[in-house]
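S.K.: Each protein sequence line maps, in turn, to chains A and B.
Going by our numbering, the residue at position 285 of the first sequence is 285; the numbering climbs one at a time, nothing skipped.
Going by our numbering, the residue at position 372 of the second sequence is 372; the numbering climbs one at a time, nothing skipped.
For every residue, glycine included, the Cβ atom is placed at its ideal position computed from N, Cα and C.
Below is the structure I would like to discuss, written out as structure tokens.
2 protein chains.
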Amino acid sequence: MLIVQKFGGTSVGDLERIQNVANRVSETRKAGNEVVVVVSAMSGETNKLVAYAEHFSSNPQKTELDMLLSSGERVTASLLAIALNEMGCKAVSMTGRKAGIITDNLHTKARIEEINPIAMRNALNEGQIVVVAGFQGVSAEGNVTTLGRGGSDLSAVAIAGALQADLCEIYTDVSGIFTTDPRIEPKAKKLNRISYDEMLELASLGAKVLQNRSVELAKKLNVNLVTRTSFSHEEGTLITKEENIMEKPLVSGIALDKNQARVSLRGVKDRPGIASEIFNKLANNNVNIDMIIQNVGHDGSTNIDFTVPKSDLNDAKNVVHAFLDSCDIKEESYDEDICKVSIVGVGMKSHTGVAAKAFSTMAAENINIHMISTSEIKVSMVIAEKYAELAVRSLHNAYRLDK
Amino acid sequence: MLIVQKFGGTSVGDLERIQNVANRVSETRKAGNEVVVVVSAMSGETNKLVAYAEHFSSNPQKTELDMLLSSGERVTASLLAIALNEMGCKAVSMTGRKAGIITDNLHTKARIEEINPIAMRNALNEGQIVVVAGFQGVSAEGNVTTLGRGGSDLSAVAIAGALQADLCEIYTDVSGIFTTDPRIEPKAKKLNRISYDEMLELASLGAKVLQNRSVELAKKLNVNLVTRTSFSHEEGTLITKEENIMEKPLVSGIALDKNQARVSLRGVKDRPGIASEIFNKLANNNVNIDMIIQNVGHDGSTNIDFTVPKSDLNDAKNVVHAFLDSCDIKEESYDEDICKVSIVGVGMKSHTGVAAKAFSTMAAENINIHMISTSEIKVSMVIAEKYAELAVRSLHNAYRLDK
Chain A
1 MLIVQKFGGT
11 SVGDLERIQN
21 VANRVSETRK
31 AGNEVVVVVS
41 AMSGETNKLV
51 AYAEHFSSNP
61 QKTELDMLLS
71 SGERVTASLL
81 AIALNEMGCK
91 AVSMTGRKAG
101 IITDNLHTKA
111 RIEEINPIAM
121 RNALNEGQIV
131 VVAGFQGVSA
141 EGNVTTLGRG
151 GSDLSAVAIA
161 GALQADLCEI
171 YTDVSGIFTT
181 DPRIEPKAKK
191 LNRISYDEML
201 ELASLGAKVL
211 QNRSVELAKK
221 LNVNLVTRTS
231 FSHEEGTLIT
241 KEENIMEKPL
251 VSGIALDKNQ
261 ARVSLRGVKD
271 RPGIASEIFN
281 KLANNNVNID
291 MIIQNVGHDG
301 STNIDFTVPK
311 SDLNDAKNVV
321 HAFLDSCDIK
331 EESYDEDICK
341 VSIVGVGMKS
351 HTGVAAKAFS
361 TMAAENINIH
371 MISTSEIKVS
381 MVIAEKYAEL
391 AVRSLHNAYR
401 LDK
Chain B
1 MLIVQKFGGT
11 SVGDLERIQN
21 VANRVSETRK
31 AGNEVVVVVS
41 AMSGETNKLV
51 AYAEHFSSNP
61 QKTELDMLLS
71 SGERVTASLL
81 AIALNEMGCK
91 AVSMTGRKAG
101 IITDNLHTKA
111 RIEEINPIAM
121 RNALNEGQIV
131 VVAGFQGVSA
141 EGNVTTLGRG
151 GSDLSAVAIA
161 GALQADLCEI
171 YTDVSGIFTT
181 DPRIEPKAKK
191 LNRISYDEML
201 ELASLGAKVL
211 QNRSVELAKK
221 LNVNLVTRTS
231 FSHEEGTLIT
241 KEENIMEKPL
251 VSGIALDKNQ
261 ARVSLRGVKD
271 RPGIASEIFN
281 KLANNNVNID
291 MIIQNVGHDG
301 STNIDFTVPK
311 SDLNDAKNVV
321 HAFLDSCDIK
331 EESYDEDICK
341 VSIVGVGMKS
351 HTGVAAKAFS
361 TMAAENINIH
371 MISTSEIKVS
381 MVIAEKYAEL
391 AVRSLHNAYR
401 LDK
């Protein structure tokens, strides 16, 4: 097999941990696999460099930041290659440039445009382990670029896609994806397999493990992604296409998002295009809208409710106030004490009654549901924030996710 | 003027010092000059990385070491560029690769083969300050290389040569080249100008400031080199070609080398080619020979005396013992308690009596001279080590170097 293994900052946090990583890579190699390793900077290193830059400027040039920040991964990559060679595993480190990772020129958050894997392929053919500095690439202009948060994961997924690797393993300090946050429900169980789409919907469960950008790229490139821990040999969670999941569970997991606020607009003027006007203005002000409910009140005027991330609430208020001033809206109200609970599972596509069970579970706990939205594989409910943990535990139990 | 300014590790040792460097570069730019800056890694950084590598292997791959060690200069270069931009000076950082520094592939001690200064020239034409990561280049194979000890100085001199810069300023914590070591003779004076050849002969005086490799390269490329301190605005010492030095001093400086040992061979067989045999064997064993004296003893056999660096003495002994075993030499003796005092000055070429004054100065202090060697611009004497400081002070005074 050809396996891409990615180790994040905590996994290479000090010299002993780098040695641990070398041991694990060496095992994989000695089991007869071809191995490409993608590494992050030692934990704390990137933050240190950012702090250095901020010492000199509150707004450093993004090209210079990329030159600066790309140095941390080079250090880890070369150290790991040295450790592997010392263990008798032939290994060679490569920068993003050398690995053929071509990006656009949006410095500090570049997108990978293309991977030219010739150097990696040649080294693999020579029996070498390839150690790639993650998080970085090179623009068409020949300047080093970085890929933004979670960039090393993107490097790993893109490389796995370019090399048509059998597996892309993302090693972190978390052992996989759980049915829900184990800090809320200790009976949460680790999932063996989950589809890309479920993973995307369960973002909040995997947020600390995998960013949606990486999952989306894996889906696009058809890369089998595994998240697992570098601190034990415990199996992780395979994120793969739905067809690869034999036994499709009705519900795979329960996600909780406390970072939501609700905006309620009452007495929205009943003229064509008013809703589109409001939401266009919100979009132009970079306010992310999640759920939307619209209904007609007793007086014939329209009520609109929607949710936004708490961090976008102030921007949303500014937009709304303009409509209040022009009398297009009669009343506004806001509620930050809400949360969103979501039930996700590919099995919903072919089974009925999943949503009904969610509602009855809430009813049994006397939890009022403010808003509901559904997709093919998800049911989301907005409820009062104080019920967040209770709702998660009740749903986890109702769908027997601990079994 | 086009000025190349090189700042070593202590000059960029922390963020405050990098800001000081930015201030100085900015002054040079604002005075109307074009500026290329070459920086080393922050002091201690390279040693830290080497220690990391040695944690994993006593003999790390040189290609990996270069990948590792080249990261330190990138950090300094980008930080300095950020600081300069913040001060309103347009600046761009460049790696060795981007700056067009092509080397051979002798990793960890590569030699610069060629500089393709197009990117630097373009940036200068746009009014930018160019900040180059020193100590590094790229091989024809496209791999990053490092230039070994003093590598950033070489980068600076080579860049100055390629850009035909008017001046190449090497900033350190020492304010220039002195007539002798001020720790030995407090009356030592800083030289304003000195020729390349004098500087090469005075290596021991400049050893902490400039390596001979850099002076040789400056001579070859006809680069006007200035050594000065980054901690004050004191003028430094200009190292230039002899024609640029109007008033040629009889003696420019007194150098002291305590790292010498004397090898004496008595009763060397009187057959043709024996001396050449001995010195060829020494050369093959990488023993550096400095001074050589040969004379014929009373019994018709030959005596040969030579000096070697103390670190080569054991290798020299091994070679000598083989000749003792084959009876080509009758007796050996060694003396480590010697030193070499040298008087250097381009003015000697056209003046007589310089050497005679040295000998009479030694005689006046009752210092016995063991060996003498002279060149066009130098007189060297081997004396007992215990007289080292006395000899330096007496000569400094005899040639009135404190005036």
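Which bits of chain B does N85 of chain A rub up against, with CB to CB less than 8 angstroms?
M.R.: Counting from one through the first sequence, the residue named residue 85 of chain A turns up at place 85. Residues of chain B passing the Cβ test: S57, P60, Q61 and E64.
S.K.: With DSSP run on the structure shown, which of helix, strand or coil describes K281 of chain A?
M.R.: Locating residue 281 of chain A in the first sequence gives position 281, counting from the first residue. In the structure shown, K281 of chain A sits in a helix (DSSP, three-state: H, G or I).
S.K.: Run the CB neighbour count on S152 of chain A, radius 10 Å, all protein chains shown included, and call it buried at 16 or more, exposed below.
M.R.: The residue labelled residue 152 of chain A in the question sits at position 152 within the first sequence. When all chains shown are included, S152 of chain A counts as buried.
S.K.: What in chain B is Cβ-close to I82 of chain A, meaning under 7 angstroms?
M.R.: The sequence position of residue 82 of chain A within the first sequence is 82, counting from 1. Simply A53, F56, S57, P60, Q61 and E64.
S.K.: Does S93 of chain B have its Cβ less than 8 angstroms from a Cβ in chain A?
M.R.: Position 93 of the second sequence, counting from 1, holds the residue named residue 93 of chain B. Taking Cβ atoms only, chain A reaches closer than 8 angstroms to S93 of chain B, which makes this a yes.
S.K.: Does any C-beta atom of chain D lie closer than 8 angstroms to the C-beta of S326 of chain A?
M.R.: The structure shown contains no chain D; its protein chains are A and B.
S.K.: Show which residues of chain B have a CB atom less than 8 angstroms away from the CB atom of V75 of chain A.
M.R.: Translated into the one-based positions of the first sequence, residue 75 of chain A becomes position 75. Chain B residues near V75 of chain A: L49, Y52, L68 and S71.
S.K.: Please compile the residues from chain B whose C-beta is within a distance smaller than 7 angstroms of the C-beta of L15 of chain A.
M.R.: Stepping through the first sequence from its first residue, residue 15 of chain A is reached at position 15. Ordered by position in chain B, the residues that pass the 7 angstroms Cβ test against L15 of chain A are Y52 and H55.
S.K.: Does any C-beta atom of chain A lie closer than 8 angstroms to the C-beta of L124 of chain B?
M.R.: Along the second sequence, one-based indexing puts residue 124 of chain B at 124. Judged by the 8 angstroms Cβ criterion, L124 of chain B is not in contact with chain A.
S.K.: Would you mind working out which of B:E198, B:L15, B:V92 and B:P182 sits nearest K248 of chain B, comparing C-alpha positions?
M.R.: Here residue 248 of chain B refers to the residue found at position 248 when the second sequence is read from its first residue. K248 of chain B has its Cα closest to that of B:E198, out of B:E198, B:L15, B:V92 and B:P182.
S.K.: State the start and end residues of the unbroken alpha helix (DSSP H) segment that holds V21 of chain A.
M.R.: Against the first sequence, residue 21 of chain A aligns to sequence position 21. Counted as a single uninterrupted DSSP element, the alpha helix (DSSP H) harbouring V21 of chain A occupies residues L15 to K30.
S.K.: To which residues of the same chain is F279 of chain B closer than 7 angstroms at the C-beta, ignoring the five residues directly before and after it?
M.R.: Taking the second sequence and counting its residues from 1, one reaches residue 279 of chain B at position 279. Correct list, in chain order: I289.
S.K.: Mind listing the chain A neighbours of L404 of chain B? Cutoff is C-beta to C-beta under 7 angstroms, in chain order.
M.R.: No information on residue 404 of chain B is available, as it lies outside the stretch 1 to 403 that chain B covers here.
S.K.: Runs of 3 residues minimum, wholly inside the segment 51-113 of chain B: which ones carry the beta strand (DSSP E) assignment?
M.R.: 91-94 and 101-103
S.K.: Where does N143 of chain A land, buried or exposed, given buried means 16+ other C-beta within 10 angstroms?
M.R.: Residue 143 of chain A sits at position 143 when you count from the first residue of the first sequence. Buried, because 16 or more other Cβ atoms sit within 10 Å of the Cβ of N143 of chain A.
S.K.: Report the partner residues of K310 of chain B according to the DSSP bridge assignment.
M.R.: Locating residue 310 of chain B in the second sequence gives position 310, counting from the first residue. DSSP output for K310 of chain B lists no bridge partner at all.
S.K.: Is any beta-carbon of chain B found at less than 8 angstroms from that of S78 of chain A?
M.R.: As a working mapping, residue 78 of chain A is identified with position 78 in the first sequence. With 8 angstroms as the cut-off, S78 of chain A counts as an interface residue toward chain B.
S.K.: Three-state secondary structure (DSSP) at D153 of chain B?
M.R.: Within the second sequence, numbered from 1, the residue matching residue 153 of chain B stands at position 153. Note: D153 of chain B maps to helix in three-state DSSP.
S.K.: What is the DSSP secondary structure of V392 of chain A, reduced to helix, strand or coil?
M.R.: Within the first sequence, numbered from 1, the residue matching residue 392 of chain A stands at position 392. Note: V392 of chain A maps to helix in three-state DSSP.
S.K.: So M381 of chain B is in the alpha helix (DSSP H); what residue range does that whole segment cover?
M.R.: Taking the first residue of the second sequence as position 1, residue 381 of chain B is located at position 381. Not the alpha helix (DSSP H): M381 of chain B falls in the beta strand (DSSP E), residues K378 to A384.
S.K.: Below 6 angstroms CB to CB, which residues in the same chain sit around C339 of chain B once its five sequence neighbours on both sides are set aside?
M.R.: Here residue 339 of chain B corresponds to residue number 339 of the second sequence, with the count starting at 1. Result list for C339 of chain B: K258, E385 and A388, in chain order.
S.K.: Can you have a look at K219 of chain A and say buried or exposed, based on whether 16 or more other CB atoms are within 10 angstroms of its CB?
M.R.: Sequence index remark: in the first sequence, residue 219 of chain A carries index 219 (1-based). Per the 10 Å Cβ criterion, buried.
S.K.: Pick helix, strand or coil for S301 of chain A, following the three-state DSSP scheme.
M.R.: Mapped onto the first sequence, residue 301 of chain A falls at position 301. In this structure, S301 of chain A counts as coil in the three-state DSSP scheme.
S.K.: Give a single yes or no on whether V223 of chain B has its beta carbon closer than 7 angstroms to a heavy atom of the ligand ATP.
M.R.: With respect to the ligand ATP, the structure offers nothing, as it holds no ligand at all.
S.K.: May I ask you to report which of helix, strand or coil DSSP gives V174 of chain B?
M.R.: Within the second sequence, residue 174 of chain B is the residue found at index 174, counting from 1. Shown here, V174 of chain B sits in coil according to DSSP, grouped into three states, outside any helix or strand.
S.K.: Going by C-alpha distance, which of B:M362, B:Q128 and B:G88 is nearest N397 of chain B?
M.R.: In the second sequence, counting from the first residue as 1, residue 397 of chain B sits at position 397. With distances taken between Cα atoms, N397 of chain B lies closest to B:M362.
S.K.: Should I118 of chain A go down as buried or exposed, given a rule of 16 or more other Cβ atoms within 10 Å for buried?
M.R.: Translated into positions along the first sequence, residue 118 of chain A becomes position 118. By the 10 Å Cβ count, I118 of chain A comes out exposed.
S.K.: Just confirm the distance between the C-beta atoms of M120 of chain A and L163 of chain A, as a whole number of angstroms; I'd bet it's less than 8 angstroms.
M.R.: For this step, residue 120 of chain A is matched to residue 120 along the first sequence. For this step, residue 163 of chain A is matched to residue 163 along the first sequence. Yes, M120 of chain A and L163 of chain A are in contact; Cβ-Cβ is about 7 angstroms, under 8 angstroms.
S.K.: If contact is defined by three or more beta carbon pairs under 8 angstroms, each pair taking one atom from either stretch, is the segment 290-307 of chain B in contact with the segment 260-273 of chain B?
M.R.: Yes: the two stretches touch, three or more of their Cβ pairs being nearer than 8 angstroms.
S.K.: Quick one: what does DSSP say F323 of chain B is sitting in, helix, strand or coil?
M.R.: As a working note, residue 323 of chain B is residue 323 in the second sequence. F323 of chain B sits in a helix when the DSSP states are folded into three classes.
S.K.: What is the DSSP secondary structure of V354 of chain B, counted as helix, strand or coil?
M.R.: Numbered from its first residue, the second sequence carries residue 354 of chain B at position 354. If DSSP states are grouped into helix, strand and coil, V354 of chain B belongs with the helices.
S.K.: Tell me which residues share the same chain as C89 of chain A and place their Cβ nearer than 6 angstroms to its Cβ, disregarding the 5 neighbours each side in the sequence.
M.R.: Here residue 89 of chain A corresponds to residue number 89 of the first sequence, with the count starting at 1. Within the same chain, C89 of chain A has close Cβ partners S26, R29 and I129.
S.K.: Three-state secondary structure (DSSP) at D181 of chain A?
M.R.: Your numbering for residue 181 of chain A matches position 181 in the first sequence. Of the three classes helix, strand and coil, the one that applies to D181 of chain A here is coil, per DSSP.
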